[in-house]
Amino acid sequence: MGKKILFSISLIFLCIGFSLTLEHIFARKNVRLSLKLGDAENPRSLAIRFILTNYNKLSIQSWFSLRQVEIVSNNSIQAVFNPSGIYALSGYSYRCQRVGSLQQDHALLLPSDTNDGSNLWEVTFIDFQIQGFAIKGGRFTKARDCTSSSSPAILISLATSLILLLVLAYALNMLIYLRYLDRHYDPLVSPAHFPQLKAQDTAKEKELLRSLEAECYELRSQQLSKTYA
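Just so we're aligned, residue 1 is where the sequence shown starts under UniProt numbering, counting upward by one.
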């Protein structure tokens, strides 16, 4: 049967009932935070170790990441988890609403090895916040939130903005095209040309009517001449 651990913690570990051990390893590159539940002097008490690594992504910026989470009981490591995507600038803290080994958690803790019993543990941290470097006055610095870059609301807003931008670009393109058509065909259909066309049509109609009247007059004159004879 799987073992479940549920915490609501903020990690500089100033919580009552917990003890904190801070250890620098490898010339300030790694930090191990040990969180003990119950009696800190009892070796059989449950403890959770957070191993953070400080590294440089860029030459001018230093980052830290949570590299490993260990569950220790009776001085023996019971389970080991490899965190995924838990990192921030060294001068910042990392914060997330849910961090755990379940799929619905915002940041995942992946079992390092299924053979060591890690997959039997279900670990979830609520209101998780951690900082292992550049700590001043026992307070967290500005936090990098795990949902800041992948929040559904932000993604929907970006998609909506993109759609609106495409619609605006299409409308602007159609407006420019219509103005081009208006300028191109304006000389051909300008109202100034209609009077001339109308005058020409009227003159042709008058000529046609005159020719018809002349023909009718000739026919009538022929009929009268035949009757008189």
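Even glycine gets a Cβ: it sits at the ideal position worked out from N, Cα and C.
Quiz item: Using the C-alpha atoms, what's the distance from M174 back to G85?
Solution: The straight-line gap from Cα to Cα measures roughly 45 angstroms.
Exercise. Express the C-alpha separation of D182 and residue 233 in angstroms, rounding to a whole number.
Key: Because the chain spans 1 through 229 in this model, residue 233 falls outside it and cannot be assessed.
Quiz prompt | Three-state class that DSSP yields for S45 in the structure shown | solution = DSSP places S45 in coil when its eight states are reduced to three.
Quiz item: Can you give the Cα-Cα distance for L37 and L162, rounded to whole angstroms?
Solution: Each residue's alpha carbon lies about 49 angstroms from the other.
Quiz item: DSSP state of N119, grouped into three classes?
Solution: In this structure, N119 counts as helix in the three-state DSSP scheme.
Practice problem: Excluding the 5 residues preceding and the 5 following L52 in the sequence, name in chain order all residues of the same chain whose CB lies nearer than 6 angstroms to its CB. | Solution: The answer, listed in chain order, is V31, F64, L66 and G132.
Practice problem: Could you work out which residue in S62, T141, Y180 and L172 is closest to S93 when comparing CA atoms only? | Solution: If we check each option's Cα against that of S93, T141 comes out closest.
Exercise. Identify, in the order they occur along the chain, each residue of the same chain with its Cβ nearer than 6 angstroms to the Cβ of V80, setting aside the five sequence neighbours on each side.
Key: The answer, listed in chain order, is E70, S112 and S118.
Practice problem: Please go through the same chain and pick out, in chain order, the residues whose beta-carbon is closer than 6 angstroms to the beta-carbon of S101, but skip the five residues on each side of it. | Solution: Within the same chain, S101 has close Cβ partners L109, E122 and V123.
Quiz item: What do you get for Y180, buried or exposed, if any count of 16 or more other CB atoms within 10 angstroms of its CB means buried?
Solution: Exposed, since its Cβ has fewer than 16 Cβ neighbours within 10 Å.
Practice problem: Using beta-carbon positions only, say whether S90 and A134 come within less than 9 angstroms of one another. | Solution: Result yes, Cβ atoms of S90 and A134 sit closer than 9 angstroms.
Self-check item: Assigned secondary structure, D105 (DSSP; H/G/I helix, E/B strand, else coil)
Solution: D105: coil per DSSP, three-state reduction.
Practice problem: Please work out which residues of its chain come closer than 7 angstroms, Cβ to Cβ, to Q61, disregarding the five sequence neighbours upstream and downstream, and give them in chain order. | Solution: Closer than 7 angstroms at the Cβ level, and outside the excluded window around Q61, lie L89.
Practice problem: Alpha carbon to alpha carbon, how far is R95 from Y87? Give it in angstroms, no decimals. | Solution: Answer to the nearest angstrom: the Cα atoms are 10 angstroms apart.
Quiz item: Does DSSP put Y55 in a helix, a strand or coil?
Solution: Collapsing the DSSP output to three states places Y55 in a strand.
Quiz item: Which residues in the same chain as I25 place their Cβ atom closer than 7 angstroms to its Cβ, once the five residues preceding and following it in sequence are excluded?
Solution: For I25, the predicted model reports a pLDDT of 41, less than 50, meaning its position is unreliable; a value from the coordinates is still stated below. Same-chain partners within the cutoff: R32.
Quiz item: How many Å lie between V167 and S157 at the Cα?
Solution: In this model, V167 and S157 are separated by some 15 angstroms (Cα to Cα).
Practice problem: May I have the straight-line CA-CA distance separating K29 from D127, to the nearest angstrom? | Solution: Whole-angstrom Cα-Cα distance: 26 angstroms.
Quiz prompt | beta strand (DSSP E) segment containing D145, residue limits | solution = Under the DSSP assignment, D145 falls in the beta strand (DSSP E) whose first and last residues are A143 to D145.
Quiz item: By Cβ distance below 8 angstroms, which residues in the same chain neighbour D145 in space, the five residues on each side in sequence not counted?
Solution: Excluding sequence neighbours, D145 sits near R95 and C96.
Quiz prompt | Pairwise C-alpha distance: L165 and H184 | solution = Taking the CA atoms as reference points, H184 sits about 29 angstroms from L165.
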